[in-house]
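What follows is a set of notes on a single structure, which appears directly below.
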Amino acid sequence: MVDGPPGPPGLAGSGDRSVGIDADCAPVALGEVDLSAHSPMPTGIGELDRVLAGGLLPGSATLLGGEPGTGKSTLLLQALAAMASSGRRCLLVAAEESAQQVRRRAGRLGTDVPGVFVVEATRLPQVEAAVASLAPDMVVVDSVQAVSDVDVPSPAGSLAQVRACSHGLVSLARASGAALVLVGHVTKEGALAGPRALEHLVDTVLSFEGDRYSSLRVLRALKHRFGATGETGLFEMGEKGLTGVPDPSIFFLGGRLVGAPGSALTVPLEGYRPLVVEVQALVGRSSPVPRRFVTGLDPGRVGFLVAVLEKRAGVPVGDCDVYVSVAGGARACEPAADLAVCLALASSLSGQPLPAQMVALGEVGLGGELRQVNGMPKRLAEARRLGFGDALVPTSAQRPTRPEPGVARDRRRELPASTLRQALALALGAGPAQLPGGAPGTGTRAAPVMGQPSGDQ
Numbered sequence: 011m012v013d014g015p016p017g018p019p020g021l022a023g024s025g026d027r028s029v030g031i032d033a034d035c036a037p038v039a040l041g042e043v044d045l046s047a048h049s050p051m052p053t054g055i056g057e058l059d060r061v062l063a064g065g066l067l068p069g070s071a072t073l074l075g076g077e078p079g080t081g082k083s084t085l086l087l088q089a090l091a092a093m094a095s096s097g098r099r100c101l102l103v104a105a106e107e108s109a110q111q112v113r114r115r116a117g118r119l120g121t122d123v124p125g126v127f128v129v130e131a132t133r134l135p136q137v138e139a140a141v142a143s144l145a146p147d148m149v150v151v152d153s154v155q156a157v158s159d160v161d162v163p164s165p166a167g168s169l170a171q172v173r174a175c176s177h178g179l180v181s182l183a184r185a186s187g188a189a190l191v192l193v194g195h196v197t198k199e200g201a202l203a204g205p206r207a208l209e210h211l212v213d214t215v216l217s218f219e220g221d222r223y224s225s226l227r228v229l230r231a232l233k234h235r236f237g238a239t240g241e242t243g244l245f246e247m248g249e250k251g252l253t254g255v256p257d258p259s260i261f262f263l264g265g266r267l268v269g270a271p272g273s274a275l276t277v278p279l280e281g282y283r284p285l286v287v288e289v290q291a292l293v294g295r296s297s298p299v300p301r302r303f304v305t306g307l308d309p310g311r312v313g314f315l316v317a318v319l320e321k322r323a324g325v326p327v328g329d330c331d332v333y334v335s336v337a338g339g340a341r342a343c344e345p346a347a348d349l350a351v352c353l354a355l356a357s358s359l360s361g362q363p364l365p366a367q368m369v370a371l372g373e374v375g376l377g378g379e380l381r382q383v384n385g386m387p388k389r390l391a392e393a394r395r396l397g398f399g400d401a402l403v404p405t406s407a408q409r410p411t412r413p414e415p416g417v418a419r420d421r422r423r424e425l426p427a428s429t430l431r432q433a434l435a436l437a438l439g440a441g442p443a444q445l446p447g448g449a450p451g452t453g454t455r456a457a458p459v460m461g462q463p464s465g466d467q
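To convert a position in the sequence shown, counted from 1, into the numbering used here, add 10.
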């Protein structure tokens with residue numbers, strides 16, 4: 011007798027095997043999934059909670075990466091102290107430092123509070139034993155590259171060790187219900203050291219960035235299974251640790267010299283947050299080889315804008331030394347800052363300042379045309395909140411504006427331009443006295459825009 015073909019694998023009664031369904035693995039309607047057991051725990055650090063969409067979830071695994079000296083350990087030590095102050099038990103696994111070093115830093119930062127425990131451990135079984143004995147709500151491992159597994163015949167920090175230890179630590183967090191944060195090193199290129207599988211093992215990947223010559227620090231979420239990745243956190247590093255910057259626009263505009271040539275305002279988006287920043291430019295006659303010095307912008311894009319500015323708008327900056335930077339340590343590496351860069355260069359070359367209450371937004375194309383950018387209403391709202399009522403924008407982005415109650419109509423004006431040449435004429439050709447928001451009482455006639463004939467010709 012010949013048996014029939016086996017049934018589908020995994021079903022009871024099939025010819026090869028039979029698999030039962032566990033009650034815990036039974037399918038459930040998506041709308042009936044209980045979310046109460048996965049409420050985020052606020053860390054007590056406002057900017058960190060902003061990026062984490064409310065805080066850390068019990069049993070989750072977070073990877074924090076950044077260059078040495080940016081303040082990763084400081085940020086997490088402050089978060090541990092803030093959570094401990096709210097009654098939670100926190101554990102710091104010091105794999106690279108001694109407990110005495112951690113204690114000294116905590117004393118300097120004022121984070122030496124009850125509820126924060128530290129253990130010197132470089133072996134995975136030691137970490138597992140510490141978590142089992144303490145039962146903490148939050149565990150920080152600083153750093154994962156310094157932890158090794160005795161069952162893996164490789165030195166600490168190797169690919170095999172990082173993979174094995176990360177898997178073990180994530181499994182430990184799932185089983186204990188503790189929120190796990192792993193500190194990871196970065197390579198010279200800024201990528202997280204270790205295998206790419208490390209990023210896939212965790213629920214959240216955070217990047218902590220900062221210039222060693224600036225006090226500004228930026229926290230970004232590169233991956234977040236429990237929320238969006240568009241939020242960013244901004245901090246200022248000081249002697250007492252990291253302080254959140256709730257209003258970064260005011261931070262970046264501090265010390266701005268109003269009325270100086272070569273200064274233009276724009277509104278880049280840092281994640282979902284619009285920031286009003288100052289683009290500064292300095293143009294000077296060069297040696298045989300013109301020099302380009304760029305800070306906070308894409309150097310290649312600035313070179314592209316210099317070429318468009320000379321070819322399409324007649325501004326002779328191609329053979330000049332060009333220095334362009336974003337003040338305050340901010341970054342504006344997006345096309346929305348193109349128009350502000352061009353205006354700042356033209357203003358510096360002509361020696362004529364731009365209107366003090368005007369922001370410039372728009373992408374500049376190879377043909378000298380102006381294109382609208384995403385998030386224009388949000389950017390304009392941030393500029394107007396700070397009192398910058400005039401906005402030089404592409405014609406395609408112009409919208410009828412309705413003044414809000416209590417806001418004068420002449421303080422909310424959009425100046426449309428379809429080309430870079432038209433934008434230069436609006437910002438510089440009419441003179442500050444005739445432009446909305448310009449300096450009153452200056453009846454002098456403005457110099458013509460470079461490459462354009464004056465009214466006497």
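From the three backbone atoms N, C-alpha and C, an ideal C-beta is built for every residue, glycine too.
Beta carbon of residue i nearer than 8 Å to that of residue j
i: Leu216; j: Leu229; result: yes
i: Leu359; j: Thr429; result: no
i: Gly54; j: Ala92; result: yes
i: Ala346; j: Val316; result: no
i: Val137; j: Val103; result: yes
i: Gly194; j: Pro271; result: no
i: Ala105; j: Val151; result: yes
i: Arg389; j: Arg322; result: no
i: Val304; j: Val312; result: yes
i: Ala291; j: Val334; result: yes
i: Leu169; j: Ala71; result: no
i: Leu192; j: Val154; result: yes
i: Val2; j: Val112; result: Any question about residue 2 goes unanswered here, given that the chain covers just 11 to 467.
i: Val374; j: Cys352; result: yes
Reference residue i, options the options, closest by Cα
i: Leu144; options: Cys100, Ser95, Glu373 and Gly399; result: Cys100
i: His48; options: Gly306, Gly187, Leu292 and Leu436; result: Gly187
i: Arg184; options: Leu355, Pro68 and Lys388; result: Pro68
i: Gly439; options: Arg113, Val157 and Ser357; result: Ser357
i: Gly240; options: Met51, Leu62, Gly56 and Ala437; result: Leu62
i: Ala350; options: Pro404, Ala156 and Gly324; result: Pro404
i: Asp400; options: Gly377, Val369 and Arg98; result: Val369
i: Glu556; options: Leu85, Pro298, Leu436 and Pro37; result: Lying outside 11 to 467, the shown extent of the chain, residue 556 is not represented and no answer is given.
i: Ala407; options: Asp122, Ala131, Glu424 and Val112; result: Glu424
i: Ile260; options: Val112, Ala36, Leu45 and Gly397; result: Gly397
i: Gly328; options: Val318, Ala337 and Val336; result: Val318
i: Gln367; options: Leu353, Gly378, Val374 and Leu275; result: Leu275
i: Asp122; options: Gly178, Ser224, Ala94 and Glu373; result: Ala94
i: Ser108; options: Leu263, Pro146, Ala354 and Ala131; result: Ala131
i: Gly385; options: Ala354, Glu344 and Leu355; result: Glu344
Exposure of residue i, with buried meaning 16 or more beta-carbon neighbours within 10 Å
i: Arg550; result: Any property of residue 550 remains undetermined from this structure, which presents the chain solely from 11 to 467.
i: His234; result: buried
i: Glu295; result: Contrary to the premise, residue 295 reads as Arg rather than Glu in this sequence. It counts as exposed.
i: Arg301; result: exposed
i: Gly339; result: buried
i: Val289; result: buried
i: Ser83; result: buried
i: Gly251; result: buried
i: Arg60; result: buried
i: Asp420; result: At Asp420, the pLDDT of 43 sits below 50, so the modelled position is not reliable and the matter cannot be decided from this model.
i: Gly213; result: Just to set this straight, residue 213 is Asp in the shown sequence, not Gly. It is buried - the Cβ of Asp213 has at least 16 other Cβ atoms within 10 Å.
i: Val268; result: exposed
Residue range of the alpha helix (DSSP H) that includes residue i
i: Arg168; result: According to the sequence displayed, residue 168 carries Ser and not Arg. It is not in any alpha helix (DSSP H) - Ser168 carries neither H nor E in the DSSP assignment.
i: Phe262; result: Pro258 to Leu263
i: Cys343; result: Per DSSP, Cys343 belongs to no alpha helix (DSSP H) and is neither H nor E.
i: Gln155; result: First-last for Gln155: undefined, no H or E at that position.
i: Gly313; result: Pro309 to Ala323
i: Asp59; result: Gly56 to Val61
i: Val137; result: Leu134 to Leu144
i: His86; result: Checking the sequence, you will find Leu at residue 86 rather than His. Residues Lys82 to Ser95.
Own chain partners of residue i with C-beta closer than 7 Å, once the 5 adjacent residues on each side are dropped
i: Gly79; result: Arg222
i: Arg341; result: Gly306
i: Ala139; result: none
i: Glu414; result: Low confidence applies here, because Glu414 scores a pLDDT of 48, under 50, leaving its location unreliable and the question unanswered by this model.
i: Glu57; result: Leu229, Gly243, Leu244, Phe245 and Gly254
6 Å CB neighbourhood of residue i in its chain, flanking five on each side removed
i: Ala468; result: Coverage of the chain is limited to positions 11 through 467, which leaves residue 468 absent and any answer about it impossible.
i: Pro52; result: Asp59 and Gly65
i: Pro50; result: Gly64, Gly65 and Leu67
Residue interval of the beta strand (DSSP E) (run including residue i)
i: Phe245; result: Thr242 to Gly248
i: Thr305; result: Arg302 to Thr305
i: Pro194; result: Pro is not the amino acid found at residue 194; the sequence shown has Gly there. Unbroken beta strand (DSSP E) run through Gly194: Ala189 to Gly194.
i: Met51; result: Careful: Met51 lies outside any beta strand (DSSP E) and carries neither H nor E.
i: Gly117; result: It is not in any beta strand (DSSP E) - Gly117 instead sits in the alpha helix (DSSP H) that spans Ala109 to Leu119.
i: Ser335; result: Cys330 to Val336
i: Arg394; result: Not the beta strand (DSSP E): Arg394 falls in the alpha helix (DSSP H), residues Met386 to Arg395.
8 Å Cβ shell around residue i - same chain, five flanking residues per side excluded
i: Thr277; result: The identity of residue 277 in the sequence shown is Val, whereas the question assumes Thr. Hits under 8 Å: Pro284, Leu285, Val286, Val287, Ala346, Val369, Leu371, Arg389, Leu390, Glu392 and Ala393.
i: Leu436; result: Leu402, Leu425, Ala427 and Leu445
Beta carbon proximity, residue i to chain B, threshold 8 Å
i: Glu106; result: No chain B appears in this structure, which consists of one protein chain only.
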